[in-house]
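Student: Questions regarding the structure given below will be posed in turn.
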Amino acid sequence: MGNRLLRLDCSGLVLLYIFLRTLQESGAGHIRYSVPEETDKGFFVGNISKDLGLEPWELAEHGVRIISRDRMQLFALNPRSGSLITAGRLDREELCETLSSCFLNIEILVEDTLKIYGVEVEIMDVNDNAPSFQEAEIEIKVSEHATPGSRFPLPSARDPDVGMNSLQSYQLNPNSYFSLQMRGGTDGAKNPELVLEGSLDREKEAAHRLLLTAFDGGDPIQQGAVAIRVVVLDVNDNVPKFTQSVYQVSIPENLSSGTRVLMVNATDPDEGINGEVVYSFQNMESKISEIFQLDSKTGEVLIRGSLDFEKYRFYEMEIQGQDGGGLSTTAKLLITVVDVNDNAPEITITSSTNSVLENSPPGTVIALLNVQDQDSGENGQVSCFVPNSLPFKLEKTYGNYYKLVTTRMLDREQVHSYNITLIATDQGFPPLSTETHISLNVADDNDNPPTFADSSYSVYIPENNARGASFFSVMAIDLDSNENSQITYSLVEDTLQGEPLSSYISINSDTGTLYALRSFDYEQFRDLQLWVTAQDSGKPPLSSNVSVSIFVLDQNDNVPEILYPTIPTDGSTGVELAPRSAEPGYLVTKVVAVDRDSGQNAWLSYRLLKASEPGLFAVGLHTGEV
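In terms of mature numbering (1 follows the signal peptide of the UniProt record, and there is no 0), the sequence shown is residues -28 to -1, 1 to 598.
Listed below in structure tokens is the structure:
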């Protein structure tokens, strides 16, 4: 690591990056940056606030954040400068291995507008790896009867860097018997071969020592070497020969460990040990050797580890067949991994709300989600939906992002909460599905006025009632909730006999109970009508009115009053005259009296209380006639 840092400082890559960094928007909502690998944590990648059209301090205010689903977060946002920075050391070889171009994609979410911006960051290679061989020393056996021009494959060096920083050339130390030539592989790789330039004589020299050096094209150039020991063998004049120069096979990614892939076969017409062929992999990367194994005696290629189409889709290997005399030949093995629908779709909720106001317009956004399937082809094609019975739907927004929106206005009084099931299904066979759930509460809107059970009420109260006593209660209900359903009762202002109604009747604003503030007198008024208002506490408040008719019932609280004959005011007795010749039944006078009460309380009857001659006069019980 120390050498890496030294090379970085010497090469001035940070300064080079300042001049070479490019930033462009690829279509709407797409931003591109580039950054060299091996930079320290916090290294400036790009001015994300500027490219989003925001000031640095507005990042937090607008809820700007990274929502990428990588297993390891490689980038972060600097809230002070508004910059995209590295969250740690970036190793291009670890992230992209041998790909010629290394691009990392992240998504930036602007929370308050629910917009997604794709950011593509190119990781630029630096020459931080020297070419290396798997072994420090190898041994090659060459027959002494090998003809000049014979070729012997040499191990290839590996350099995980790319471009000019990758492996560029090989060099063999000067030798009169051997030279170095390059052979191009099908993948464009340069494979070194040892070429015999002159005839060998084991009796003169039984072994030759060579040094193969690999160079990259970085600045400064780095190198790695392997020592070669060439052992000269006695005559073995037949080289093993494979039945095919190239073996090709396609296998599904779900093969288990120990499964046979295929068998290679090479024959050698020599006898004894010179005709026995031993098989081995050549120039195999360590990752491939963890997945495949080769039986050195039978030539069987077996599954050793786990295949994963999503990581590696193609393998190219070189198999060597070598007889006991040291002669060898090679064949290519090309393995294509076929995708199997072994990954269910993944649903990630990136942003959501747990409450929505009823009566919100159709299309109100409830959640933002990402749907991914690691498979390919039809196995990776995903459809996402919400059950039809719910008033919600999914709309595609950007890439694999969807937004969950309402299809109509919601009514809390009908459904106060929803448990929304989101289902993602791929197109594989059989299809795989994943579901997730979102709980949503419908917030109340003051859309229901208070209502009374009846359109009007009639109340009967006897006169001479007690002051301050309750005599009736009204009650209204409101289908809304919380403060939208809290009801306050009041009387509509009016007058009675020139006085405010509130001086006769009052109402409890919380309970709707009516109270008589006066003792009513039937003889003054017999009925009154008032209006009660029920108003909720919403904003704006809603109200309704109901009429209450109050009827005063008569009580016998008035004595009869004699209107005729008039009673003298001086205390003397009134006088009525009758002729002496009057016959029985003669009408002497008629007593007229009234009672201010009503009904039975006003029905009068007459009788004589005192008479000097009781049998001489009589009075009509109901007429008052004497």
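Backbone N, C-alpha and C define an ideal beta-carbon position, used for all residues, glycine too. As the structure is a computational prediction, the values presented were derived from the model and not from experiment.
Between the Cα of Asp452 and the Cα atoms of Ile479, Asp416 and Pro472, which residue gives the shortest distance?
Tutor: Here the closest residue by C-alpha is Asp416.
Student: How would you label Gly190, buried or exposed, when you count the other beta carbons within 10 angstroms and need 16 or more for buried?
Tutor: Buried, because 16 or more other Cβ atoms sit within 10 Å of the Cβ of Gly190.
Student: Mapping the DSSP letters down to three states, classify Met136 as helix, strand or coil.
Tutor: Note: Met136 maps to helix in three-state DSSP.
Student: What would DSSP say about Ile459, mapped onto helix, strand or coil?
Tutor: Ile459 falls in the coil class under three-state DSSP.
Student: Grab me the residues of Asp482's own chain with a C-beta within less than 6 Å of its C-beta, minus the 5 sequence neighbours each way, in chain order.
Tutor: Closer than 6 Å at the Cβ level, and outside the excluded window around Asp482, lies no residue.
Student: Using 10 angstroms around the beta-carbon of Asn99, count the other beta-carbons present and answer buried if the total reaches 16, otherwise exposed.
Tutor: Buried, by the Cβ-count rule.
Student: Grab the span of the alpha helix (DSSP H) containing Arg64 for me, first residue to last.
Tutor: Per DSSP, Arg64 belongs to the alpha helix (DSSP H) from Arg64 to Cys68.
Student: With DSSP collapsed to three states, give me the class of Gly596.
Tutor: Here Gly596 sits in coil by DSSP.
Student: Spatial neighbours of Arg(-22) within its chain, please: C-beta separation below 7 Å, excluding the five flanking residues on both sides.
Tutor: Low confidence applies to Arg(-22): its pLDDT is 37, below 50, so where it sits in the model is not reliable enough to give any reading.
Student: What residues are listed by DSSP as bridge partners for Cys356?
Tutor: Answer is Ala396, bridged to Cys356.
Student: Throw me the rounded Cβ distance for the Glu54 and Lys13 pair, which I believe falls under 8 Å.
Tutor: Residue identity check: residue 54 is Gly in the sequence provided, not Glu. Not confirmed; about 18 Å, so no contact.
Student: Given a cut-off of 8 Å, decide if Gly35 and Glu79 are closer than it, judged by their beta-carbon atoms.
Tutor: Not a contact, by the Cβ cut-off of 8 Å.
Student: Whole angstroms are fine: how far does the CA of Gln399 sit from the CA of Gln143?
Tutor: Going from the Cα of Gln143 to the Cα of Gln399 covers about 53 Å.
Student: Counting C-beta neighbours from all protein chains within 10 Å, is the total for Val518 16 or more, i.e. buried, or is it exposed?
Tutor: Looking at its Cβ environment, which holds 16 or more other Cβ atoms inside 10 Å, Val518 is buried.
Student: Taking the continuous beta strand (DSSP E) assigned at Ala199, which residues delimit it?
Tutor: Note, Ala199: beta strand (DSSP E), Gln195 to Leu205.
Student: My understanding is that Leu486 touches Phe443, with C-beta atoms under 8 Å, so please give their C-beta distance in whole angstroms.
Tutor: Sure, about 6 Å apart at Cβ, within 8 Å.
Student: Do you know offhand how far Ala108's Cα is from Leu139's?
Tutor: Near 18 Å, if we compare the C-alpha coordinates of Leu139 and Ala108.
Student: Confirm, please, whether the CB-CB distance from Asp242 to Asp206 is below 8 Å.
Tutor: Contact flag unset, no.
Student: Does any residue of chain B have a CB that is nearer than 8 Å to the CB of Glu288?
Tutor: Although the question refers to chain B, the structure presented lacks it and comprises just one protein chain.
Student: Go ahead and label Gln194 buried or exposed: buried means 16 or more other beta carbons lie within 10 angstroms of its beta carbon, across all protein chains shown.
Tutor: When all chains shown are included, Gln194 counts as buried.
Student: For Lys22, does the three-state DSSP call read helix, strand or coil?
Tutor: Lys22 falls in the helix class under three-state DSSP.
Student: Buried or exposed, going by whether 16 or more other CB atoms sit within 10 Å of the CB of Ala488?
Tutor: Buried, because 16 or more other Cβ atoms sit within 10 Å of the Cβ of Ala488.
Student: For Val114, I'd like the list of residues in its chain whose CB is within less than 8 Å of its CB, leaving aside the five on either flank, ordered along the chain.
Tutor: Only Ser122, Phe124, Leu168, Leu172, Val202, Val203, Val204, Leu205 and Gly298 meet the Cβ criterion.
Student: Tell me the DSSP secondary structure of Ile39 in three-state form.
Tutor: Reduced to three states, the DSSP call for Ile39 is coil.
Student: Is the region 426 to 445 touching the region 489 to 500, taking contact as three or more C-beta pairs under 8 Å?
Tutor: Counting Cβ pairs under 8 Å, three or more are found: they touch.
Student: Take Ser323 and list the residues in its own chain whose beta-carbon comes closer than 6 Å to its own, dropping the five residues that flank it on each side.
Tutor: Excluding positions up to five away in sequence, the list reads Leu340.
Student: CB-CB under 6 Å to Gly596, same chain, minus the five flanking residues each way: which ones, in chain order?
Tutor: Excluding residues within five positions, the ones whose Cβ falls inside 6 Å are Lys562, Val563 and Tyr578.
Student: Can the beta-carbon of Val218 be found closer than 8 Å to that of Leu274?
Tutor: Contact: no.
Student: Do Pro421 and Ser361 have their C-beta atoms closer together than 8 Å?
Tutor: Taking 8 Å as the Cβ cut-off, Pro421 and Ser361 do not qualify as a contacting pair.
Student: Identify, in the order they occur along the chain, each residue of the same chain with its Cβ nearer than 7 Å to the Cβ of Glu262, setting aside the five sequence neighbours on each side.
Tutor: Cβ neighbours of Glu262 beyond the five flanking positions: Arg276 and Gly277.
Student: Give the straight-line distance between the Cα atoms of Glu147 and Ser268, rounded to the nearest whole angstrom.
Tutor: Per the sequence presented here, residue 147 reads as Asn, with Glu not at that position. Taking the straight line joining both Cα atoms gives about 33 Å.
Student: Beta carbon of Ile307, beta carbon of Val236: below 8 Å?
Tutor: Not closer than 8 Å, so no.
Student: Taking just the CA atoms, how far does His2 sit from Gln(-5)?
Tutor: Because the pLDDT of Gln(-5) is 34, which lies under 50, any placement of that residue in the model is unreliable, and the number read from its coordinates should be weighed accordingly. The straight-line gap from Cα to Cα measures roughly 8 Å.
Student: Tell me Pro8's beta-bridge partners as DSSP assigns them.
Tutor: Looking at the DSSP assignment, Pro8 forms a beta bridge with Met96.
Student: If you draw a straight line from the C-alpha of Gly335 to the C-alpha of Ala48, how long is it?
Tutor: Their backbone Cα atoms lie some 32 Å apart in a straight line.
Student: For Ser521, which residues from the same chain have a beta carbon less than 6 Å from its beta carbon, with the 5 sequence-adjacent residues on both sides left out?
Tutor: So the list reads Ser430 and Gln501, once near-sequence residues are dropped.
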